[in-house]
Amino acid sequence: MTKANRRLLIIVNLGTPDAPTPAAVHKFLLEFLSDPGVIDLPRWLWQPILRRFVLNSRPPKVAELYRSIWTADGSPLEVGTRKIARGIREIADDHFEVTWAYRYGDRSLYRTLSKRVGADTEAIILPLYAHRTSSTTESVFLEARRAAQTLGISANLREVTLEADDPGFINALADCCRSAFAKAGGEPDHLLLSYHGIPTRYDRRERRQYSTDCLATTNALLKALNWDPGHATHCYQSKFGPEPWLKPTTSDLFTELPQRRIRSLAVVTPGFLTDGLETIEEIGTQGRELFKEAGGDTFIRVNAPEDHPALLAGLLRAAFPNC
């Protein structure tokens, strides 16, 4: 590590299209789905499939979904990311600088590092994920290393992660759950803890690091809520492609639970620190419809913690463990 006079904390989120349009979604999906950490098929095999089939059919459909959640301030994911950065900045005072970047999209790690990191700067890379895998944390770190090497600042990087059972992270999730339950008029019959899925093959290859991290969050959150594990289910969402993914699948549970006489359901998505398409639309709209069509009554979507003070404290603890 080079001796630094400045410290810059860079929080890194997945990214978002610049606009809810087919062209913007096409550009975003091309970069996202070209990442070998996300799709690890040989490039010669995957790229023709991606360009000829996936990108010829999905952008208009996905753009329509983005339009349904877009706000006056832009993408909900960007709004949430800005809130986290602003919250940390207010705590930081003048002790260190804070900015944010995306793994995919125009606000790239390369652009951020090139603009903000000099020879006297320690750049602390903090992905906004608490569950480690090749398609999330490792992809962020690899991209940061590539950009830093190109810029000649590799010695300036420090990589940190939020622990899956960090007390601040867990307390923020628990508080969001309690707020959602209170707003709905009481606790639900059942609680789903839904995480972004990954192919089973990836998890096995990585010695089940991702699924172990997710289970650590689930166990810690249920304990914080004093929730009976018999009235909760750990599950995975957002499956893409034909190969087996981690199970059980969230969308299947939306139709199965009413058959078990579960009429009120809450869904918390601990893998998403900011709300976005996967939480607002996939869970809040599609999930609600599936549950109610199957006979369910009350559906509660728990908001992402975003700038909850306890989460901000957890992120700061990850970045500066000795402070």
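Per numbering that gives the first Met the number 0, residue 0 is the first one in the sequence shown, and the count goes up by one each step.
Beta carbons are placed, not taken as given, at the ideal position from N, Cα and C, and that holds for glycine.
Here Asn-12 is buried, its C-beta having at least 16 other C-beta atoms within 10 Å. Annotation for Ala-71: no alpha helix (DSSP H) segment contains it, and DSSP assigns it neither H nor E. In this structure, DSSP gives Pro-21 a helical state, which the three-state scheme calls helix. Put simply, the backbone Cα of Arg-203 is about 19 Å away from that of Asp-34. Each of Glu-242, Val-301, Glu-30 was checked against the Cα of Thr-278, and the nearest Cα belongs to Val-301.
Look at Val-266 here: in three-state DSSP terms it is strand. When DSSP states are grouped into helix, strand and coil, Ile-124 belongs to the strand group. Within the segment 207 to 274, the complete beta strand (DSSP E) segments at least 3 residues long are 231 to 236, 263 to 267, listed from N- to C-terminus. In the structure shown, Asn-155 falls within a helical segment according to DSSP collapsed to helix, strand and coil. Rounded to the nearest angstrom, the Cβ distance from Thr-216 to Asp-164 is 6 Å, consistent with a contact under 8 Å.
Going by DSSP, Asn-12 is part of the beta strand (DSSP E) stretching over 5 to 12. Of the residues Phe-31, Arg-66, Ala-91, Trp-69, the one whose Cα lies closest to the Cα of Arg-5 is Ala-91. C-alpha of Phe-253 to C-alpha of Lys-114: approximately 46 Å in a straight line. Its Cα nearest to that of Leu-256, the residue Thr-232 stands out among Thr-199, Arg-131, Thr-232, Val-139.
For Thr-132, there is no enclosing beta strand (DSSP E), as DSSP gives it neither H nor E.
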